[in-house]
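Below is one structure, written out as C-alpha cells; comments come after it.
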Amino acid sequence: MYAIAIHGGAGAVPRAKLSPERERAYRTGLEAALDGGYALLERGGSSLDAVATAVRLLEDHPSFNAGHGAALTRDGAAELDAAIMDGRQMRAGAVASVRHVRNPIDLARRVMEKSRHVLLVGAGAEEFALEEHFILVPNQYFRTAERLGQLESEQRGERVSDLVPPVSQGTVGAVALDASGNLAAATSTGGMTNKRPGRVGDSPIIGAGTYAKNGVCAVSATGHGEYFIRAVAAHHVCSAVEYRGLTLAQAVHELLHGILRRLGGDGGLIAIDQAGGIVMDFSTEGMFRGARDAAGRREIAIY
Amino acid sequence: MSRRKPTPFACVLLVLGAGSAAAAAPAAAPAPIAIVIHGGAGVIEPSKMTPEREASYRAGLSAALDAGYEVLDRGGTSLDAVIAAVRRMEDDPQFNAGRGAVLNQDGDAELDAAIMDGAGPRAGAVAGVRHVKNPIELARLVMDKSPHVLLVDDGAEDFALEQGVVLVPRGYFRTAPREHELDEARRAEAARAKAQPTTRLGLTEGAGSMGTVGAVALDRTGNLAAATSTGGLTNKHRGRVGDTPLIGAGTYANNESCAVSGTGQGEYYIRQVVAYDVCALVNYRRMTLAQAVHEVVQVKLRRSGGEGGVIALDRGGNIAMDFNSVGMFRGARDSRGRREIAMYRETGH
Chain A
77 MYAIAIHGGA GAVPRAKLSP ERERAYRTGL EAALDGGYAL LERGGSSLDA VATAVRLLED
137 HPSFNAGHGA ALTRDGAAEL DAAIMDGRQM RAGAVASVRH VRNPIDLARR VMEKSRHVLL
197 VGAGAEEFAL EEHFILVPNQ YFRTAERLGQ LESEQRGERV SDLVPPVSQG TVGAVALDAS
257 GNLAAATSTG GMTNKRPGRV GDSPIIGAGT YAKNGVCAVS ATGHGEYFIR AVAAHHVCSA
317 VEYRGLTLAQ AVHELLHGIL RRLGGDGGLI AIDQAGGIVM DFSTEGMFRG ARDAAGRREI
377 AIY
Chain B
-8 MSRRKPTPFA CVLLVLGAGS AAAAAPAAAP APIAIVIHGG AGVIEPSKMT PEREASYRAG
52 LSAALDAGYE VLDRGGTSLD AVIAAVRRME DDPQFNAGRG AVLNQDGDAE LDAAIMDGAG
112 PRAGAVAGVR HVKNPIELAR LVMDKSPHVL LVDDGAEDFA LEQGVVLVPR GYFRTAPREH
172 ELDEARRAEA ARAKAQPTTR LGLTEGAGSM GTVGAVALDR TGNLAAATST GGLTNKHRGR
232 VGDTPLIGAG TYANNESCAV SGTGQGEYYI RQVVAYDVCA LVNYRRMTLA QAVHEVVQVK
292 LRRSGGEGGV IALDRGGNIA MDFNSVGMFR GARDSRGRRE IAMYRETGH
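Line order of the protein sequences matches chains A and B.
Sequential numbering of the first sequence, starting at 77, is according to my numbering.
Sequential numbering of the second sequence, starting at -8, is according to my numbering.
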C-alpha cells in the first residue's frame, strides 16, 4: 500500500466568495501537487520525496500561502516557515522566518540531512542556505498583487482585539506512506496576513504542525497556529493513537472538535496511518485538500 | 451505668480533640505547593568539579529555588514562581542562560526561552534574541500581551521595544569563561573538520553545552507552570533553535496532566516532543509521573542516543527529576518539608 494526502489550507476562502475561475486554479494546483507526489510513490520512491515534491509544487503555485504567493507581514514582506519529518528514523528539519529561500521545504530538508540541528531561524537559516549553495531570491519573488491587496484590506480594517490571533490564510502540507511502509510529513507556510515580523506559527514546530512516526501516523496541520502549538496538535493525534488505541479518525476528531474548539482555535489537518488510512478533517468552512492511494482512491475537495 | 459514666467525658475529649484537629487542618495540611528547578544536565564531569565551584553552583541553585518557593509561600502564582527562579539563574553568570550564556559561532549569545501556564493552557516563547537581559520575561510578555506564542530574532526584539523592555548590548552576556569555551570549541571543530571534512555543522559537545535552566511549580490554587531559558550550544550555528522555546519539546504545562522543563541535546528533545510526551504518558497511559519521566529519559531518549534530563511536577505535588547524563544540577522544595539541592546521582538525597 502507498498513499498521499495534501492540503492547501483551511478556512481560506468562504464558499460564497470563490469564483469558478479561482476554484479552477485551486483545483488545478492541488491536482498537480497530489499527482506529483503520487507519481513518486508509484515509481517506488520514498514518502519523504513524495511529501517534499507535493509541498514544493504548492509553494511554487501562487494561489497557496507558501513560497511564491505567501501571505505578507505587516511590513509587506514574505516570511516563510517550513518543516519536514521522516517517520522512519524520526529525523526532522525545519526553518522559520526565512525571506529569501525560494522553496523553504527544500531548506528544511537540508537542515535535516546536512546539519545536526532540527530548527534554524531567520538570518542564520539563510546563512546555512548559502553554505549549502542555495541561490537566494529577492523577497519580491514571493509577493503577488493578490497578497498585497489582502494586506492592504487587513491594514485598513479594524482589528477586534490585539490578543485574538487573526484567521490564518492557508498553509500547505502533505503526508504520505510509501511502499516500504515509511511515513513522512511536510508543511510550509507564509503564516498570517499582516503578521508581526518574527511571528512563528505551528508549521515549523515538530509536534505542533508537523509530525511523523512509523507505526503510528503522520500529520500536517493548518489553522490558528497559536492554538495548535498550545495543544501540541500533531503529536496529540499520534499519541492518542499510540497510547489510547483510538482510530486515526477518532484522534483527529477529538483534537479538532474537542480540544481545539474548547481552546477557541479553528483549522484542519490531514493524517495518514501505517495502513495507508487517510483522514482529512477541519472545523472551518472548508479546507483545500486531496488524497490518492494505491487502492484507486483519488479525490480533490474544498468544502 | 457506673461503667458507662466516664464515657460522655471521654467522648467530649475525643470530640474536642477531633474538633481542634479539624480546625487546625487547613493550616497544617493546606493544598501542597512545590517548585523544582534545574541548572542544566551534563554540565561538568564530577572529576572536574572543585569544592569551590560546587559550593558556588549550590549557592546559585539555592538562591533560585528559594526565590521561587518564597513566591509560592506568600500565596503567589506558579507562573510568578517559575519566573522568579529562572530569572535568578539567567542573572547568575555560571548558568547557560541570560548573562553567562554560551556563545554562538559569531561570539554572540543568542537566547531562547519559553513559559507555559497550565491553566488555559497559554504559552509564550522567544528564540534567537541577542539584546534582552531576561528572555524569560519577554516570553511572558509574548504570552500576556500578544496574540502569538513564538516570536523570533529581530521581530522578537522589536516586540520587546514596543513593550518598553530596555535592551542591553551584546557584551552584557559575554563572560571570560564562555569566551574561553568558544575558543576551545572552535579549535575542536577545526580539528574535526580536518579529520572529517563532510560534517561541518557539529553538535559541539563540551563544557556548558547543556546548561539550560528551568523551573516547574505548583501553587496553592492548584495551577501548574513551566519555564525554561537557555543560550543553547557553544559555537552553535547562528539561528539554531533548540527544544527550550518549543512548546511540547523543552517546555510544557497543563493542569490536566503535568508541568515539565527539559535540558539536554535539544535536537533529540524536539524530535521526540519530550515534555509533552511525559504528560501524554501520565494522562493517557495512566503512568505515575516518575514512571513517565523514567520511560522518556531512560528508555526513549536513551534508545535514540539523546542525552539530558527533565524535571516534572504534577497537581498532587509529586516531583520527578531524572537524567541519563553524568549529572543534572537540580533542586526541589515543597510544603511537606522537602528541600534539596543535588548535582550527581550519588549526591542526590
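Where a beta carbon is used, it is the ideal one built from N, C-alpha and C, also for glycine.
Everything numeric in this text was worked out from a predicted model, so none of it was measured.
- When CB distances to chain A are screened at a threshold of 8 Å, the residues of the segment 238 to 267 of chain B falling below it are Ile238, Gly239, Ala240, Tyr243, Gly257, Glu258, Ile261, Arg262, Gln263, Val264 and Tyr267, in chain order.
- Residue-level contact by beta carbon holds for His311(A) and chain B, with a gap shorter than 9 Å.
- Looking at Gly146(B), Gly222(B), Arg231(B) and Gly239(B), the one whose alpha-carbon comes closest to that of His311(A) is Gly239(B).
- Close to His122(B), with beta-carbon spacing below 7 Å, lies no residue of chain A; the smallest spacing is near 13 Å.
- Under the DSSP definition of a beta bridge, Val355(A) partners with Ala347(A).
- For Met166(A), the C-beta contacts it makes with chain B under 8 Å involve Arg262, Gln263 and Ser295, in order along the chain.
- Using a CB distance below 7 Å, the part of the segment 140 to 170 of chain B facing chain A consists of Val140, Leu141, Leu142, Val143, Asp144, Asp145, Gly146, Ala147, Asp149 and Phe150, ordered along the chain.
- Boundaries of the alpha helix (DSSP H) harbouring Val269(B): Val265 to Tyr275, taken from the DSSP string.
- DSSP places Tyr303(A) in the uninterrupted alpha helix (DSSP H) bounded by Gly301 to Arg306.
- Put simply, the CB of Arg276(B) is near chain A, with a gap under 9 Å to one of its CB atoms.
- Counting only runs that start and end inside the segment 196 to 275 of chain A, the beta strand (DSSP E) elements of at least 3 residues fall at 248 to 253 and 259 to 265.
- For His83(A), the pairing in a beta bridge is given by DSSP as Gly249(A) and Arg365(A).
- Annotation: the continuous alpha helix (DSSP H) that includes Met188(A) extends over Pro180 to Lys190.
- The beta carbon of Gly322(B) is closer than 6 Å to those of Ile28, Leu52, Leu56 and Ile332 in its chain, skipping five residues each way along the sequence.
- DSSP places Val232(B) within a strand segment (E or B) once states are collapsed to three.
- Scanning the segment 41 to 102 of chain B for uninterrupted alpha helix (DSSP H) segments of 4 residues or longer gives 42 to 64 and 69 to 82, listed from N- to C-terminal end.
- By the 16-neighbour rule on beta-carbons within 10 angstroms, His209(A) is exposed.
- Here Tyr102(A) is buried, its C-beta having at least 16 other C-beta atoms within 10 Å.
- In the DSSP assignment, His329(A) falls within the unbroken alpha helix (DSSP H) covering Leu324 to His329.
- For Pro180(A) and Ser256(A), the gap between their C-alpha atoms comes out near 27 Å.
- Ranked by Cα distance from Gly222(B), the first of Gly255(B), Tyr335(B), Arg336(B) and Gly155(B) is Gly255(B).
- Judged by DSSP secondary structure, Gly169(A) falls within the beta strand (DSSP E) whose first and last residues are Arg167 to Val174.
- The C-beta separation of Arg365(A) from Ile80(A) comes to about 11 Å, leaving the pair out of contact by the 8 Å criterion.
- DSSP lists Lys289(A) and Asp349(A) as the beta-bridge partner residues of Cys293(A).
- Taking C-beta atoms as the reference points, Ala168(A) and Val194(A) count as a pair closer than 9 Å.
- For Glu153(B), the enclosing alpha helix (DSSP H) covers residues Asp144 to Glu153.
- In this structure, the straight-line span from the alpha carbon of Ala32(B) to that of Thr203(B) is close to 8 Å.
- Arg113(B) sits in a strand when the DSSP states are folded into three classes.
- Restricting attention to Ile26(B), Ala22(B) and Val34(B), the CA atom closest to the CA of Phe320(B) is found in Val34(B).
- Between the segment 240 to 251 of chain B and the segment 104 to 116 of chain B there are three or more inter-stretch CB-CB distances shorter than 8 Å, so the stretches are counted as touching.
- Short of 8 Å from the beta carbon of Gln282(B), and not among the five residues preceding or following it, lie these beta carbons of its own chain, in chain order: Leu272.
- Judged by beta-carbon spacing, Ala88(B) lies within the 9 Å limit of Pro126(B), meaning their Cβ atoms are closer than that value.
- The C-beta of Met40(B) comes no closer than 9 Å to any C-beta of chain A.
- Close partners of Pro126(B) in chain A (Cβ separation under 9 Å) are lacking, with about 14 Å as the shortest Cβ gap.
- DSSP places Ile376(A) within a strand segment (E or B) once states are collapsed to three.
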